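Quick notes on the structure that follows.
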Amino acid sequence: MHQRIEGFQKHTVSKNPITENLDMNDKCVIHPNEILEKYCASHQLLCCNICLATEHKTCSEVQPIDVVQTKSTDASSNNTDVILELQSVTEKVDSALASTVKDVDGLEKKHSGLRNTASSATGKILSKIQEMHNVFNSKLQETQEKERKYLSSSRIHLEAFLNTLSVAENLLTAVCECGTPRQLFVTASKVKFQIQKHLERLEKLHGKQLEITCEINKDVDAFSDIEYIAKLNEIDVDQTNIVEIEDQMKSFEGSMRVDDALLFGSKTDPAKLAAKEIAKYAEEMPDMRDGCLLSDGTVLVISYGEFRMLRDGEEMRTLIELESDERPYAFERICSDERDRIFIKSSQGIIMEYAIHDDQLQHIRDISFDVAYGAFRYFANKFYCLSCPYKKGSGLLIFNENGKLLRVIEGTTERGSELALSSDGQCIYYSNRQEIFCRDLTGKPPYYKHSKSEDPYSYRIYHGIDVDRYGNVYAFQEGENCIVQISENGQECRDFLEVDSNFRPESIRFDHARARFAVFCNNNVYREYTQVVKVYELIVDENESEECVADDEKEECVADDEKEECVADDDD
């Protein structure tokens, strides 16, 4: 297998199990000549110096591997969790392989039925039909061979994937038993990367299969006008096993995640976080609907009919402006991904994908959806959308990058209008009247439900929710001039940032690194069209805790004074 599959040919295969300490290879998977030296907590990936200078040059949460491994090992209670999760992935791949083998075994019977269907119609006509029948058989043979090759290729790749998982499981087991903690950490990280890349290739090559049906011509009796006996239709069918494998991979990756609190300590304490203003834009424009913040600090805003770009030190640029008299739609929502691709939702429910190169806007494509939805986000080649909140059975809809529905999570919304995702895409945050929910997408129970108001008849709705790198949620409520911060566990809520009473916040958006965020505000003054966007940097304010300590000491001193006064009274 290793001699046939590209990418495996340089591997060293041993017949004997590993029984002693391993001399592990610390080479980078992407850059084989470089040594793995750092760990990026933002992306949860190992990196070499080249990776650090390219893919991770804007990442602030980078630590040496030894530091990360030491802290993560000290906090870990069971090193076999990684192996157990990998075994679950293996079970999913084994199930996919069994399904593919079944399809291969039943392929002849399936195509025999198609051939007999066409043959029964062929018997009604003479030479011309016989000629077309021969054409049909030839086409069917080509199709059968095409499908056979596809299924055989799929089987080979699934067997290879299963073998890769088996080898990885044996390797991790051996490292767990005989290797050092650092070797286990490095090995598990490399295994994760290799498995993910293999899964991506598998999804690209075999994520879909051809479904062949036979359609008999209704005018078969009018043989003089017949051009074909039966028509073969090739239909793309989702390979659901691949989606299940991908979901299980999320759980496998989750077992290897390094908690930010282990690496950065007090930086994860929400009480110590503060906002430092680094940019401000005041623009004359109609009501802003939404906005996003790119990794280079560029701010993008949309109104009903405009799409604008704002940069510090540069004049505002209008990228798109729809004519009001001929406007076929309006802009409603906008978001970006880790590559700063831009996705704008129109009032027709179509998502328009753009890229900005050298300050020039490039339209890539339009993506259509078959259902009504409101808020949306894009992460890891998938769209996460909230379906229409007033329809029965509303919930979270997950689509692939082409708009194909992959998964429905029922009952996640009731009047929800806002949606956010965690930095790893495993948790979804959404609003429901005066409540904010945090839900795990890997199938675990919801993390929490936060409610600021105890009044069941309150209709104040959270707006503009987003999440920082630590899992803290930021939002504002209608009628209030303050952005609140909800802690990662949903238990603590505090006023985080005051907003000018003349402005009404519409949305809060973090950049991809979750280190900076922008607040988009509309003017509350009648017939005043100056809208404001402020960009903030999330910082750790150590004085916050010092002030609390000082206040506690002050109260303690007051208590001591009162105590002395009481003693003096007793003496009197």
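Going by the UniProt record's numbering, the first residue of the sequence shown is number 1, and it counts up by one from there. Backbone N, C-alpha and C fix where the C-beta goes; we use that ideal spot for every residue, glycine too. These numbers were taken from a predicted model, which means no experiment stands behind them.
### Message
Looking at residue 378: is its Cβ nearer than 7 Å to the Cβ of residue 335?
### Response
Taking 7 Å as the Cβ cut-off, residue 378 and residue 335 qualify as a contacting pair.
### Query
Is it buried or exposed for residue 118, if we count other Cβ within 10 angstroms and need 16 for buried?
A buried status is given to residue 118, since no fewer than 16 other beta-carbon atoms sit within 10 Å of its beta-carbon.
#### Entry: Limits of the unbroken beta strand (DSSP E) element including residue 518
Where residue 518 is concerned, the enclosing beta strand (DSSP E) starts and stops at 516–523.
### Query
Do the CB positions of residue 434 and residue 451 come within less than 7 Å of each other?
The Cβ atoms of residue 434 and residue 451 lie closer than 7 Å to each other.
### Query
Around the Cβ of residue 570, are there at least 16 other Cβ atoms within 10 angstroms (buried) or fewer (exposed)?
Confidence at residue 570 is low in this model, with a pLDDT of 47, below 50, so its placement is unreliable and no value can be given for it.
### Message
Does the structure place the stretch 186–193 close enough to the stretch 136–156 that three or more beta carbon pairs sit under 8 Å?
### Response
No, the stretch 136–156 does not touch the stretch 186–193.
### Message
On the CB-based measure, 16 or more other CB atoms within 10 Å of its CB, does residue 301 come out buried or exposed?
### Response
Flag for residue 301 reads buried.
### Task
State the start and end residues of the unbroken beta strand (DSSP E) segment that holds residue 273.
Counting along the chain, residue 273 sits inside the beta strand (DSSP E) bounded by residues 273–284.
### Message
According to DSSP, simplified to helix, strand and coil, what is residue 369?
### Response
Collapsing the DSSP output to three states places residue 369 in coil.
### Message
What does the alpha-carbon distance come out to for the pair residue 172 and residue 307?
### Response
Straight-line Cα distance between these residues: approximately 50 Å.
### Task
Could you pull the start and end residues of the alpha helix (DSSP H) that residue 50 belongs to?
49–53 is the span of the alpha helix (DSSP H), which, as asked, contains residue 50.
### Message
In whole angstroms, give me the CA-to-CA distance for residue 547 and residue 272.
### Response
Caution applies to residue 547, whose pLDDT of 45 falls short of 50 and renders its modelled position unreliable; the value that the coordinates give is listed next. For residue 547 and residue 272, the gap between their C-alpha atoms comes out near 11 Å.
#### Entry: Assigned exposure category for residue 550 - 16 Cβ within 10 Å defines buried
Legend: pLDDT at residue 550 = 46, less than 50; position of this residue unreliable, value from coordinates given subsequently. Of the other Cβ atoms in all chains shown, fewer than 16 fall within 10 Å of the Cβ of residue 550; this residue is therefore exposed.
### Task
For the beta strand (DSSP E) holding residue 466, just list the boundary residues, first then last.
It spans 462–467 - the beta strand (DSSP E) in which residue 466 sits, taken as one unbroken run.
### Message
Quick test of the definition: if touching needs 3 or more C-beta pairs under 8 Å, does the stretch 310–323 touch the stretch 269–288?
### Response
Result yes; three or more Cβ-Cβ pairs closer than 8 Å.
### Query
What's the C-alpha gap between residue 44 and residue 137?
One C-alpha to the other measures close to 53 Å.
### Message
At the level of alpha carbons, what is the spacing between residue 427 and residue 341?
### Response
Roughly 22 Å separates the two Cα atoms.
### Task
Mind listing, in chain order, the continuous beta strand (DSSP E) runs of no fewer than 3 residues lying wholly within the stretch 489–518?
As for any beta strand (DSSP E) of minimum length 3 sitting wholly inside the stretch 489–518, the runs are 493–498 and 503–510, ordered along the chain.
### Task
Could you please give the first and the last residue of the uninterrupted beta strand (DSSP E) stretch that includes residue 382?
382–387 is the extent of the beta strand (DSSP E) around residue 382.
### Query
From this set, 521, 539 and 217, which residue's C-alpha is nearest residue 531's C-alpha?
For the residues 521, 539 and 217, the minimum Cα distance to residue 531 belongs to 521.
### Query
Exposed or buried, what is residue 113 when buried is set at 16 or more other beta-carbons lying within 10 Å of its beta-carbon?
Residue 113 counts as exposed, since fewer than 16 other beta carbons sit within 10 angstroms of its beta carbon.
### Query
What distance in whole Å lies between the Cβ atoms of residue 488 and residue 515, which are believed to be in contact at a cut-off of 8 Å?
Taking C-beta atoms under 8 Å as the contact rule, residue 515 and residue 488 fail to qualify, at a distance of about 17 Å.
### Task
Name the one or two DSSP bridge partners that residue 214 has.
Looking at the DSSP assignment, residue 214 forms a beta bridge with 232.
### Query
Is it right to say residue 289 is buried, meaning 16 or more other beta carbons lie within 10 angstroms of its own, or is it exposed?
Buried, because 16 or more other Cβ atoms sit within 10 Å of the Cβ of residue 289.
### Task
Indicate whether the contact test is met: 3 or more Cβ pairs, each with one atom in the stretch 354–369 and one in the stretch 395–411, closer than 8 Å.
Taking 8 Å as the limit for Cβ pairs, the verdict is that the stretch 395–411 does touch the stretch 354–369.
### Query
CA-CA distance, residue 291 and residue 344?
Roughly 10 Å between the two C-alpha positions.
### Task
Within 10 angstroms of the Cβ of residue 265, are there 16 or more other Cβ atoms? Answer buried if so, exposed if not.
Note that residue 265 scores 49 on pLDDT, short of 50, meaning its location in the model is unreliable and no value can be drawn from it.
### Message
Using 8 Å for Cβ pairs, my map puts residue 42 next to residue 61. What's the rounded Cβ distance?
### Response
So it is a contact: roughly 5 Å between Cβ atoms.
### Query
How is the beta strand (DSSP E) around residue 336 delimited, first residue to last?
Residue 336 -> beta strand (DSSP E) spans 331–336.
### Query
Leaving out five residues before and five after residue 194 in sequence, what residues of the same chain have Cβ atoms less than 8 Å from its Cβ?
Correct list, in chain order: 29, 164 and 168.
#### Entry: Beta carbon of residue 507 nearer than 7 Å to that of residue 469
No Cβ-Cβ contact shorter than 7 Å links residue 507 with residue 469.
### Message
If the criterion is Cβ atoms closer than 7 Å, does the pair residue 475 and residue 419 meet it?
### Response
No, the pair does not count as a contact, with Cβ atoms beyond the cut-off.
### Query
If you follow the beta strand (DSSP E) that residue 537 is part of, which residue opens it and which one closes it?
Counting along the chain, residue 537 sits inside the beta strand (DSSP E) bounded by residues 530–540.
#### Entry: Nearest neighbour of residue 103, chosen from 212, 87, 70 and 371 [CA to CA]
212 is the residue among 212, 87, 70 and 371 whose C-alpha sits nearest the C-alpha of residue 103.
### Query
What number of angstroms, rounded off, separates the C-alpha of residue 349 from the C-alpha of residue 303?
Answer to the nearest angstrom: the Cα atoms are 16 Å apart.
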